[in-house]
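Asker: From first to last, the protein sequence lines stand for chains A and B. Heads up, the first sequence is in this note's numbering, so the first residue is 11 and it goes up one at a time. Heads up, the second sequence is in this note's numbering, so the first residue is 41 and it goes up one at a time. Note that CB positions come from ideal geometry on N, CA and C, so glycine has one too. Computed from a prediction, not measured in an experiment: that's the story for all the values here.
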Amino acid sequence: MASTSKDSLPSHLTHQENIDDDLVPGACPESILNPTDSFEEIETEMSTDPEQRHAKLTTKSSTISEIQSEIGEPSKDMKTAKSSDDLKEGMASSPSSSNITEQNGDDVDTDKDEYLQSPELVNKEKHVFILSSAGKPIYSRYGNEDKLAGLCGVIQALVSVVEDHDQDILRSICTKDCKAVFLVKGPLILVAVSKSNESETQLVMQLTYAFNQIVSVLTLTQLNRIFEQRRNYDLRRLLAGAERLIDNLLIFMEKDPAFLLGAVRCLPLPEKARENITNAIISTCNKIRDLVFAILIAGNQLITLVRMKKYTLHPSDIHLLFNLVRSSESFKTAESWTPVCLPKFDATGFLHGHVSYISEDCQACLLLLTVQRDAFYPLSQAKHTIAEKLEKMKCIGAINDALNRSKDLPTTNPLKHIGIPIIRHFMYKCKSTAQLFTSDPISLDRLQDYRIMHKEGGDITVKKIEKLSDIDYVKNYRKFCNQIHCATVPAKFIFRSNCENTILAWITNGFELYVTFDALVEKEQTKKAVDHLLQWIKREENRIFIMNAPTF
Amino acid sequence: MIDVESKINSFFIFNSTFGPKEGEELKRILFFHPSQISADARKIQVGLCEAVVKFMSTFSSEPCEALQTQTKRYIFYQPEKNYWMVLVVRIPYATKALSSIGEKKGDMVQPSIMQNLLVTAYKMFRMFVGLFTDVPADVIYTKCQQFFTPYILSRCITNDVINVIQGINYLPLEKNSFLKIVCFIDLLEINFQDFKCIGFIYNEQLIWNGLSTDDMLTLYQYLVQSLLPKQVEKEIQGGAVTAAQRHGRFITPCDGIHTDEDIDKIIKVYLKLEDDTETKQYYLIIYRTLSATICLTVYADKTLELETLKSLDAFIGPQLYSIASTISKQCTLHALQNAQLANTENKFLYFNRINLAFKSSVPINSLSPSAAIKPEVLNIIAGIHSDRKSLGNYGEIIIKTLDEYWITGKSSNEREFYVIIQKKNANVIEIAEEVKQVCEAQMKGIFFYPM
Chain A
11 MASTSKDSLP SHLTHQENID DDLVPGACPE SILNPTDSFE EIETEMSTDP
61 EQRHAKLTTK SSTISEIQSE IGEPSKDMKT AKSSDDLKEG MASSPSSSNI
111 TEQNGDDVDT DKDEYLQSPE LVNKEKHVFI LSSAGKPIYS RYGNEDKLAG
161 LCGVIQALVS VVEDHDQDIL RSICTKDCKA VFLVKGPLIL VAVSKSNESE
211 TQLVMQLTYA FNQIVSVLTL TQLNRIFEQR RNYDLRRLLA GAERLIDNLL
261 IFMEKDPAFL LGAVRCLPLP EKARENITNA IISTCNKIRD LVFAILIAGN
311 QLITLVRMKK YTLHPSDIHL LFNLVRSSES FKTAESWTPV CLPKFDATGF
361 LHGHVSYISE DCQACLLLLT VQRDAFYPLS QAKHTIAEKL EKMKCIGAIN
411 DALNRSKDLP TTNPLKHIGI PIIRHFMYKC KSTAQLFTSD PISLDRLQDY
461 RIMHKEGGDI TVKKIEKLSD IDYVKNYRKF CNQIHCATVP AKFIFRSNCE
511 NTILAWITNG FELYVTFDAL VEKEQTKKAV DHLLQWIKRE ENRIFIMNAP
561 TF
Chain B
41 MIDVESKINS FFIFNSTFGP KEGEELKRIL FFHPSQISAD ARKIQVGLCE
91 AVVKFMSTFS SEPCEALQTQ TKRYIFYQPE KNYWMVLVVR IPYATKALSS
141 IGEKKGDMVQ PSIMQNLLVT AYKMFRMFVG LFTDVPADVI YTKCQQFFTP
191 YILSRCITND VINVIQGINY LPLEKNSFLK IVCFIDLLEI NFQDFKCIGF
241 IYNEQLIWNG LSTDDMLTLY QYLVQSLLPK QVEKEIQGGA VTAAQRHGRF
291 ITPCDGIHTD EDIDKIIKVY LKLEDDTETK QYYLIIYRTL SATICLTVYA
341 DKTLELETLK SLDAFIGPQL YSIASTISKQ CTLHALQNAQ LANTENKFLY
391 FNRINLAFKS SVPINSLSPS AAIKPEVLNI IAGIHSDRKS LGNYGEIIIK
441 TLDEYWITGK SSNEREFYVI IQKKNANVIE IAEEVKQVCE AQMKGIFFYP
491 M
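#1: List, in chain order, every chain A residue whose beta-carbon is nearer than 8 Å to that of I469/B.
#2: To the nearest angstrom, how far is the alpha carbon of N333/A from that of A268/A?
#3: Can you grab the Cα-Cα spacing for the pair A91/B / S209/A, in whole Å?
#4: In terms of residues, what are the limits of the alpha helix (DSSP H) holding D154/A?
#5: Can you tell me whether DSSP reads K484/B as helix, strand or coil?
#6: Tell me where the beta strand (DSSP E) around M154/B begins and ends.
#7: Just tell me which of P197/A, C184/A, P349/A and S326/A has its CA closest to the CA of E105/B.
#8: At which residues does the alpha helix (DSSP H) containing T518/A begin and terminate?
#9: Near M483/B, what residues of its chain come up, given a Cβ to Cβ distance below 7 Å and the 5 sequence neighbours on each side ignored?
#10: For chain A, is any of its Cβ atoms less than 8 Å away from the one on K440/B?
#11: Suppose contacts are defined by Cβ-Cβ distances below 8 Å. Is A539/A in contact with F527/A by that definition?
#12: Strictly under 8 Å for the Cβ-Cβ distance: is S340/A near chain B by that measure?
#13: To the nearest angstrom, how far is the alpha carbon of T258/B from that of I208/B?
#14: Closer than 7 Å between beta carbons: that is the criterion. Which residues of the stretch 473 to 504 of chain A meet it against chain B?
#15: Using only CA atoms, which one of N49/B, F388/B and F71/B lies nearest to T189/B?
#16: Please specify which runs of the beta strand (DSSP E), each continuous and at least 3 residues long, are wholly inside the stretch 425 to 489 of chain B, giving them in chain order.
#17: Could you tell me which of L379/A, L413/A, A304/A and N519/A sits nearest to S442/A, measuring between CA atoms?
#18: Decide if L245/A is buried, meaning its Cβ has at least 16 other Cβ atoms within 10 Å, or exposed.
#19: In the DSSP assignment, find the unbroken beta strand (DSSP E) run with F398/B in it and report its ends.
#20: Check the Cβ of S78/B against every Cβ in chain A and list those closer than 8 Å, keeping chain order.
#21: How many angstroms separate the CA atom of E102/B from the CA atom of I291/B?
#22: With 7 Å as the limit, tell me which residues of the stretch 104 to 117 of chain B have their beta carbon closer than that to any beta carbon of chain A; keep them in chain order.
#23: Out of L259/A, R151/A and I74/A, point me to the one whose CA is closest to T229/A's CA.
#24: Which chain B residues sit within Cβ distance under 7 Å of T185/A?
#25: Classify L75/A as helix, strand or coil using the three-state DSSP reduction.
#26: CA-CA distance, L260/A and L306/A?
#27: Measure the C-alpha to C-alpha separation of I432/A and F521/A and round it to an integer number of angstroms.
#28: At a Cβ threshold of 8 Å, is R434/A touching chain B?
#29: Quick one: complete alpha helix (DSSP H) runs, 4+ long, within the stretch 517 to 561 of chain A?
#30: Assuming Y152/A and H137/A are in contact, meaning their beta carbons sit under 8 Å apart, how far apart are those beta carbons, in whole angstroms?
#31: Where DSSP assigns a beta bridge to N249/B, which residues make up the other side?
#32: Based on the DSSP secondary-structure assignment, which residues constitute the bridge partners of Y117/B?
#33: Looking only at DSSP bridge pairs, what is M437/A linked to?
#34: For T218/A, name the three-state secondary structure that DSSP assigns.
#35: For I247/B and L211/B, which I take to be in contact (beta-carbon distance under 8 Å), what is that distance rounded to the nearest angstrom?
#36: Does the beta-carbon distance from V129/B to N49/B come in below 8 Å?
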């Protein structure tokens, strides 16, 4: 797509003399992930004209029906969506309940300004509001959205004034310390009000994720249909439970650089172990015709992904799966059968997923995604076979070692292993495979950390920073990422030193690299360090990246 | 595409407290440009801005600064409580398809440029008309109309160095010449006690400043961007230097001061001079000989006599002529040096935040707008310049663009230094070395950066 057009310029790698494309650490001929850059996609989408944007949401063919027709399966999917739709519609649309909420909305309208100043809402780093295009509140990150009917009315009015009078689209408003970013997508309006240092594009990306999270629960087809039928529909009835998914996703996005780079983290594993796991899955599942993806994940990291030929997943769909697994405690206790829509893969329909943890003593979760809606038993069977095979081949131990950051693994503390003391932090993305590696691999306890760190409730706190946490480093990279991906004047290389640190950001045809050094280091030193760092990643690439793209 | 002009879509000033009731919306609009926009359209535009300001006030105590839609950018500035100035600029859709063929890239006008334009417009208004709050409600509409219509029409928002970094071009002089000027000013102020010299400019370069740097910048911009270009044009049209020009003359009002009526036409300004405790109104008298321009003020309560001005003319005329000739000789020397500067391939910019001194290898004056820096590059410089925190008191940034431009920005001790190098296959170490050399050659003893 358009994302690669400018990369075809002759490559003069500047900082380091010659890294041939085939030497790019982590690059491999075929990728399991679709490496389309979502950042650039959003930049492009943001700057196309209004009419095109509206058209974009509706026209897209269904990948799921394509697969179904290929394997000779009648298309049941549309029916599925409809029946569940009818069911929920019937369940929730008793007129009395809708009246009650509406009345409530009117009652609190008068004191909504006071509510916005209440401790629940004031001084938050980032608010996210989702409402219907009719102005009905659907989701608020903080506080009670019922009491925010007034605010939602204002947002809806702002959006529609700009739309109606100027045939224009409201994008953002800012003050010195605060940005409000608006995204109108289909029947929904999404707004982020942020005092963080994220750019407009980065916030739009987060809102797009939030939208995709809703689509993932409902499918775009159903979402559109609901509002076609009843513009005033209270979507919260259908989204019960999804609030938590959005809550978690928002925290996840603020903390994990995977979102900033549009890439997926892989669990570092010995090459052999990963190969064994992949083979165990392939040998078990290659007879199951309707299986589209088999994905093994642990702690927001990908262990392996086996796919139907021709089909790849986009990193943002994987992120949604990570979020789903991480947010659902119930998967831990029992095998589950759940419909899931992957918006980038096919926003119009559901895939059906068998989700279960591989064993009681291992945090790895296996997702088997199929187009068949009643395949629970064969998939459950397959899962058990896979689990047995993994146990037999001692793969579970390898996964646990990696997750527990066993000390003798080179990837447990990469900076120590690389041995360049002036490097404080780095993150690396291989562009062709959309995978990333950072100097702070996630471990299970760190995952818990994220939630603990958010315990303060997203309030802005002014604290004296003594030692930067990994998240602080990533926050510092945001501006650099933005400048490197900016649509108007993209930079290829940035070197910045001030009294706090030295940061280097570098993008080539093959990779993106961000490094934080000590303050006041010599440029020669940084050059040597970067060369050394890339060599190290190259040497370890088979461990830290998935270097092949297995199919059933 | 060298100099991209983005047209001002609209510019307006409103104060919501002027027509608080429904149906009085038009009263809130103090000024609206372009004037052919219908009343309804004005109300909608202003209404939207009011709503946006209110919306943001629920989340932030800072005033609203910008509103971005798909096709327009609105920049807000609230110079005085409840008075909002809004500038709207159309932005092109920078689609990927367009940018990949090398077009439209630099079209995006930096928000900082728009913000600068608003702030400058307000400061001009404040200097020549006074504070918004001090203008009586019944005349504010006409005052705004009279001031802003010509002002906004004379502005165009270009991605130009002078719009990105607003500084003052100082003329460095050898010390005897400088002392000569100072003596002349002292003598003048002793002989004409009511008169204060607030500025001495040669061509477009400042030599002597009697104001705070902030007020000076506004006065300097008025002279250099508006008054002097008109004068120079007139002088060129007049052909050979006339006797009057040789001996100097008052240039405001534009035909000089010959009668008592002319005295009434002298412009008045609001300034806070050295000994003042508050802003006062002064007559602004501008006198020019050859390329030297001198600005004098007289407290507005004083009555100006034609006789005084005539004897002032007789006093300044010959002296200024001799001074101007001395400076002219020195400038010829400078011009030679400048020619050398221009010859160096690498462009540089220097800016001192304390005295607003600005120096550049590219020509900067309104007569020959600098087309030398590509808009994309200028955008990056604008970005560095407006984000002071990033470099702190002491820091360096090197950015490489897609088309092999290397932009280096250094900040040290409130001074900024930028070098632009276009070089293929270079690496950051070579670039840093080259920047060091430019700094050494051009800024020795002025800009220090040890690394």
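Answerer: Judging by the given coordinates:
#1: Residues of chain A passing the Cβ test: K533, E534 and K537.
#2: Taking the straight line joining both Cα atoms gives about 12 Å.
#3: So the two alpha carbons sit approximately 23 Å from each other.
#4: Looking at the sequence itself, residue 154/A is Asn, so the reference to Asp does not match. No alpha helix (DSSP H) contains N154/A, which DSSP labels as neither H nor E.
#5: For K484/B, the three-state secondary structure derived from DSSP is coil.
#6: Segment P151 to F168 is the alpha helix (DSSP H) holding M154/B; no beta strand (DSSP E) there.
#7: Cα-wise, what sits closest to E105/B is C184/A.
#8: Careful: T518/A lies outside any alpha helix (DSSP H) and carries neither H nor E.
#9: If the five residues before and after M483/B are omitted, its C-beta is found closer than 7 Å to the C-beta atoms of Y390 and F457, all from its own chain and listed in chain order.
#10: Taking Cβ atoms only, chain A reaches closer than 8 Å to K440/B, which makes this a yes.
#11: Contact: yes.
#12: Output row for S340/A: interface = no.
#13: Their Cα atoms are separated by approximately 10 Å.
#14: So the list reads A497, T498, V499, P500, A501, K502, F503 and I504, given in the order they occur along the chain.
#15: Out of N49/B, F388/B and F71/B, F71/B has the C-alpha closest to the C-alpha of T189/B.
#16: As far as the stretch 425 to 489 of chain B is concerned, its whole beta strand (DSSP E) runs of at least 3 residues are 434 to 441, 445 to 452 and 455 to 462.
#17: The shortest C-alpha separation from S442/A is found at N519/A.
#18: Using a 10 angstroms sphere on the CB of L245/A, the tally of other CB atoms reaches 16 or more, which defines it as buried.
#19: F398 to S400 is the extent of the beta strand (DSSP E) around F398/B.
#20: Within chain A, not a single residue places a beta-carbon under 8 Å from that of S78/B; the smallest gap is close to 12 Å.
#21: Inter-residue distance for E102/B and I291/B is about 43 Å (C-alpha atoms, whole angstroms).
#22: Those residues of the stretch 104 to 117 of chain B that come within reach of chain A (Cβ to Cβ, closer than 7 Å) are C104, E105, A106, L107, Q108, T109, Q110, T111 and K112.
#23: Residue I74/A is the option with its Cα nearest to T229/A.
#24: Those are M96, S100, E102, P103, C104 and E105, listed as they occur along chain B.
#25: The sequence shown places Ser at residue 75/A, rather than the Leu named in the question. Here S75/A sits in helix by DSSP.
#26: Rounded to whole angstroms, L260/A to L306/A spans 23 Å at the Cα level.
#27: I432/A and F521/A have their C-alpha atoms roughly 22 Å apart.
#28: So no, R434/A is outside the interface.
#29: Qualifying alpha helix (DSSP H) stretches, in chain order: 533 to 554.
#30: Between the beta-carbon of Y152/A and that of H137/A there is about 6 Å, and that keeps the pair under the 8 Å contact cut.
#31: For N249/B, the pairing in a beta bridge is given by DSSP as G239/B.
#32: Answer is M125/B.
#33: In the DSSP secondary-structure assignment, M437/A is bridged to T448/A and Y524/A.
#34: Correct three-state label for T218/A: helix.
#35: A Cβ-Cβ separation of about 5 Å places I247/B in contact with L211/B under the 8 Å criterion.
#36: Cβ distance < 8 Å, so V129/B and N49/B count as in contact.
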